[in-house]
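These protein sequence lines are chains Y and E, in that order. Residue numbers 16 to 206, in the numbering used here, belong to the letters of the first sequence in order. Residue numbers 116 to 727, in the numbering used here, belong to the letters of the second sequence in order. Yeah, the Cβ is synthetic: ideal placement off N, Cα and C, and Gly gets one too.
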Amino acid sequence: MSEPRPSFIARIFLSFVASFRTLFDSEFAAGIVALRSGARLPADTSDREVVERKTPEPPPPVVTQASPDSALQLLGMLQREGRFIDFLEEDVETFSDEEIGAAARVVHQGCRKTLREYFDITPIRAEEEGDSVTLKSGFDAAEVRITGDVSGEPPFKGTLQHRGWRASEVSLPKIAEDHDVSILVAAEVEL
Amino acid sequence: MSDRVIGIDLGTSHCALAHAELNTTPAPALMKIPQTVAVGEVGEHGLLPSFLYLPNANELTGGALSLPWNGTPIHAVGTLARELGAKTPSRLVSSAKSWLCHPGVDREEALLPLDAPDDVKKLSPVDASVAYLSHLREAFDHANDTPLREQDVVLTVPASFDPAARELTVSAAKRAGIENLTLLEEPQAALYAWIAATEGAYRDVLEVGDIILVIDVGGGTTDLSLIAVSENEETKEMTFERIAVGDHILLGGDNMDLALAHVVRQVIKKEQKKKLDAWQMRALALACRAAKETLLSTDAESVPIVVASRGSKLIGGSIRAELTRAQVTATLVDGFFPQAEASDAPVQRARSALTQFGLPYAQDPGVTRHIAAFLTKQRDAADDVEGYETNEEDTFLQPTALLLNGGVFNAPILVERLKKVIDSWIEDEGGEPTRLLDFADLDHAVARGAAFYGATRASGGLKITGGIAQSFYVGVETVALAVPGIEPELHALCLAPFGLEEGSVPTPTKAELGLVVGEPVRFRFFASSTRRDDEVGETLEEWEEDELIELGAIEATLPVGSFEEGNVVPVRLRARVTEVGTLLLEAIPRTGEDVWKVELNVREPTPNESPD
Numbered sequence: 016m017s018e019p020r021p022s023f024i025a026r027i028f029l030s031f032v033a034s035f036r037t038l039f040d041s042e043f044a045a046g047i048v049a050l051r052s053g054a055r056l057p058a059d060t061s062d063r064e065v066v067e068r069k070t071p072e073p074p075p076p077v078v079t080q081a082s083p084d085s086a087l088q089l090l091g092m093l094q095r096e097g098r099f100i101d102f103l104e105e106d107v108e109t110f111s112d113e114e115i116g117a118a119a120r121v122v123h124q125g126c127r128k129t130l131r132e133y134f135d136i137t138p139i140r141a142e143e144e145g146d147s148v149t150l151k152s153g154f155d156a157a158e159v160r161i162t163g164d165v166s167g168e169p170p171f172k173g174t175l176q177h178r179g180w181r182a183s184e185v186s187l188p189k190i191a192e193d194h195d196v197s198i199l200v201a202a203e204v205e206l
Numbered sequence: 116m117s118d119r120v121i122g123i124d125l126g127t128s129h130c131a132l133a134h135a136e137l138n139t140t141p142a143p144a145l146m147k148i149p150q151t152v153a154v155g156e157v158g159e160h161g162l163l164p165s166f167l168y169l170p171n172a173n174e175l176t177g178g179a180l181s182l183p184w185n186g187t188p189i190h191a192v193g194t195l196a197r198e199l200g201a202k203t204p205s206r207l208v209s210s211a212k213s214w215l216c217h218p219g220v221d222r223e224e225a226l227l228p229l230d231a232p233d234d235v236k237k238l239s240p241v242d243a244s245v246a247y248l249s250h251l252r253e254a255f256d257h258a259n260d261t262p263l264r265e266q267d268v269v270l271t272v273p274a275s276f277d278p279a280a281r282e283l284t285v286s287a288a289k290r291a292g293i294e295n296l297t298l299l300e301e302p303q304a305a306l307y308a309w310i311a312a313t314e315g316a317y318r319d320v321l322e323v324g325d326i327i328l329v330i331d332v333g334g335g336t337t338d339l340s341l342i343a344v345s346e347n348e349e350t351k352e353m354t355f356e357r358i359a360v361g362d363h364i365l366l367g368g369d370n371m372d373l374a375l376a377h378v379v380r381q382v383i384k385k386e387q388k389k390k391l392d393a394w395q396m397r398a399l400a401l402a403c404r405a406a407k408e409t410l411l412s413t414d415a416e417s418v419p420i421v422v423a424s425r426g427s428k429l430i431g432g433s434i435r436a437e438l439t440r441a442q443v444t445a446t447l448v449d450g451f452f453p454q455a456e457a458s459d460a461p462v463q464r465a466r467s468a469l470t471q472f473g474l475p476y477a478q479d480p481g482v483t484r485h486i487a488a489f490l491t492k493q494r495d496a497a498d499d500v501e502g503y504e505t506n507e508e509d510t511f512l513q514p515t516a517l518l519l520n521g522g523v524f525n526a527p528i529l530v531e532r533l534k535k536v537i538d539s540w541i542e543d544e545g546g547e548p549t550r551l552l553d554f555a556d557l558d559h560a561v562a563r564g565a566a567f568y569g570a571t572r573a574s575g576g577l578k579i580t581g582g583i584a585q586s587f588y589v590g591v592e593t594v595a596l597a598v599p600g601i602e603p604e605l606h607a608l609c610l611a612p613f614g615l616e617e618g619s620v621p622t623p624t625k626a627e628l629g630l631v632v633g634e635p636v637r638f639r640f641f642a643s644s645t646r647r648d649d650e651v652g653e654t655l656e657e658w659e660e661d662e663l664i665e666l667g668a669i670e671a672t673l674p675v676g677s678f679e680e681g682n683v684v685p686v687r688l689r690a691r692v693t694e695v696g697t698l699l700l701e702a703i704p705r706t707g708e709d710v711w712k713v714e715l716n717v718r719e720p721t722p723n724e725s726p727d
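Dropping the structure here:
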């Protein structure tokens, strides 16, 4: 940031310009006062202002690609216990609601078992859905989404539409090093 | 130095491990056991299914069975083993524990899986137990700084395990690297777990003179014990004595789920003309278990059941059925817990001449009938218990408290029925109804109780006493003139008295038996759970038919070198209870200072049975 020091000739010119500007430019004069009392160079001040102006600007967006491994693993687990992929891949149009319902039982029972076993899932809000809820200022917008007539400042009063879910603990099985998670379920040949 | 005590429940269908810190009020905690839950995936569960799968060389890829402490195990243990075995049963080892106490087989012979293909290297029941215990040890060592080898371990066995099965369990533990070992009977462990859970309040719930009937229904076995509550005359502390244990009953919770599946299968076969294969049967049993739990905990009259197809067509190929309350009541409540009479005994069907080689499953599923027979047989067991009064007219022993353990008792209707049946017997004889000792966490109680016992024992605290729950005898053939066609008369010489405790000074028999040096000599071996007053050396010339039951033979060998080959050396036998909790039989020759161990685990060849 340090500029080259002005030469003698340049300093003569500067002393003229400065004396006039000190007379007519109050801000410039304030700078001279500060300079004489041993404060930092005015150049520093203007630099800090630039920095301060930059701070409120949002950082460049960071979006990362989650590793597909645990997603594939979860699909495999849901398929294994609850026939999840089989169910979604099957064409349901030709079947009656009763038949689909029966299959849904298998999916529900198995997927729920997986969910209960490897995730600790709890509601975010303890209130019953339909209860009125007050959100104080500083509420966590990630936890609670406000919708509808959104305006003004908290506290917000509203009705709980959905309690929300939080996975408070996840303990997926560990995967062996050379295990191919893209095989969701192996083909089966009975000998 | 050991800083805590480990309790291990080596169950027929599941294993569990709990640990309790020393020098604190022990609150046993469960260890999550890492195990392969799917090919290439390791999950953690509180229970390790007691299953072992022996894969074919081409069946699985490299890391399929990887564990955090072993990249290349040769077999699968636990959840994945059970899953793989469901589709390939011939490579699955299950119920190893039941084989461990099967006197009809050589329990160290590699015979499991029974119908394994040629490329399977078979395992003995002991080997399988070693595999489960090794898995637990490795899991523990992986998660802890102090290895299991340096910890005190309490390992549970059924109260009905015979001395040979106990000794085999110990040898399996040693082979698995568990050094500091004590055995504990499972019903006792259940009571310890209950005591631990009451946090001291057991003193208010129980009273001196109480007789607790512990009914432990595991996955594959039902175990019965009677425990008397007394008081130390000096300290006034409550004391516990196990006064009787039941016979080994191969009947458990798994039978109950399977029974429901068979009921539903019959309906499917009749109404839908569909047959289920073995895999579907297992899926049906699992679905029935879930449906049963719903029916027993809600007011629903029926719960739909779906058995999925094995192929990827889920919706079209599924078989639908339902399980009704009536079916559950008829099958479970009335089938396994029938309203029996106190005088009932389990129904024995005559075995067909061609007995299939396999486990001696209980022929009567009526748990209440087994209990009735046990209480009748043990009518006099509490005669010496202070504060408990036996009436002369009593036909059976009246317990005053009930402790029920095992996952089946998560169903309140079964608890109610069992209590109602037992209470009805007692009321018929003018007694008071039993008190139910409330209990939670029925699946892990045995492991927790074992850890609690280990921790309290280390601090000199509460201990259930009782010694051995049987008296033991060796069969001696009387010397008589040989008469063709008539067997020489058999007498029973008492070796170990009922209630013999660890640490008591062993008394040798006065009578001597002749052993041929260099040759293993076998003796018939008997046990009685009702003859409480026989002393060492007493010879029984006759006994009631069900008083003495024959166990596997025992065998003594005097080695050549210490004695001259071919000589007949007179020996006396003596029995003691080891620190571990096993029965040790020794032969003491009249001459010399040496003592020779008598082997308990000897297979008595029986006709009609062949492992091949």
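Where residue i sits in the DSSP three-state scheme
i, result
"residue 130(Y)", "helix"
"residue 216(E)", "coil"
"residue 730(E)", "Outside the modelled stretch of chain E, which goes from 116 to 727, sits residue 730(E), for which no answer is possible."
"residue 257(E)", "helix"
"residue 675(E)", "strand"
"residue 568(E)", "helix"
"residue 485(E)", "helix"
"residue 612(E)", "coil"
"residue 588(E)", "strand"
"residue 434(E)", "strand"
"residue 222(E)", "coil"
"residue 450(E)", "helix"
"residue 59(Y)", "Below a pLDDT of 50, predicted positions are generally treated as unreliable, and residue 59(Y), at 47, falls in that range; the measurement from the model is reported next regardless. If DSSP states are grouped into helix, strand and coil, residue 59(Y) belongs with the helices."
"residue 723(E)", "Here the model assigns residue 723(E) a pLDDT of 44, short of 50, so the residue's position is not dependable, and the following value carries that caveat. It is coil, neither helix nor strand."
"residue 363(E)", "coil"
"residue 154(Y)", "coil"
"residue 210(Y)", "Residue 210(Y) falls outside the range modelled here, since chain Y spans only 16 to 206, and no answer is possible."
"residue 641(E)", "strand"
"residue 522(E)", "helix"
"residue 112(E)", "Residue 112(E) is absent from the structure shown; chain E starts at 116 and stops at 727."
"residue 153(E)", "strand"
is_contact[residue i, chain E] using C-beta, thresh 8 Å
i, result
"residue 95(Y)", "yes"
"residue 190(Y)", "yes"
"residue 117(Y)", "yes"
"residue 80(Y)", "no"
"residue 193(Y)", "yes"
"residue 124(Y)", "yes"
Test item: CB-CB of residue i and residue j under 8 Å
i, j, result
"residue 673(E)", "residue 623(E)", "no"
"residue 400(E)", "residue 372(E)", "yes"
"residue 569(E)", "residue 135(E)", "yes"
"residue 123(E)", "residue 283(E)", "no"
"residue 698(E)", "residue 218(E)", "no"
Chain Y contact for residue i (CB, 8 Å cutoff)
i, result
"residue 435(E)", "yes"
"residue 237(E)", "no"
"residue 156(E)", "yes"
"residue 131(E)", "no"
"residue 205(E)", "no"
"residue 470(E)", "The predicted model places residue 470(E) with a pLDDT of 43, which falls under 50 and marks its position as unreliable; any figure quoted below should be read in that light. Output row for residue 470(E): interface = no."
"residue 428(E)", "yes"
"residue 159(E)", "yes"
"residue 152(E)", "yes"
Item checked: At least 3 beta-carbon pairs within less than 8 Å: the region 162-173 of chain E vs the region 234-249 of chain E -> yes
Does the region 229-246 of chain E come close enough to the region 207-220 of chain E that 3 or more CB-CB pairs lie under 8 Å?
yes
Review point. So does the region 328-347 of chain E actually touch the region 266-280 of chain E, counting three or more Cβ pairs closer than 8 Å?
Key: yes
- At which residue ranges does the region 288-360 of chain E contain complete beta strand (DSSP E) runs of 3 or more residues, listed in the order of the chain? 295-300, 326-332, 337-346, 353-360
- Message: Measuring CB atoms only, is the region 125-135 of chain Y touching the region 454-463 of chain E, in the sense that at least three cross pairs come out at less than 8 Å?
- Response: no
Subject >> Three CB pairs or more closer than 8 Å across the region 349-369 of chain E and the region 418-426 of chain E >> reply: no
Q. Where are the beta strand (DSSP E) runs, 3 residues long or more, that stay fully inside the region 135-183 of chain Y, in chain order?
A. 147-150, 171-174
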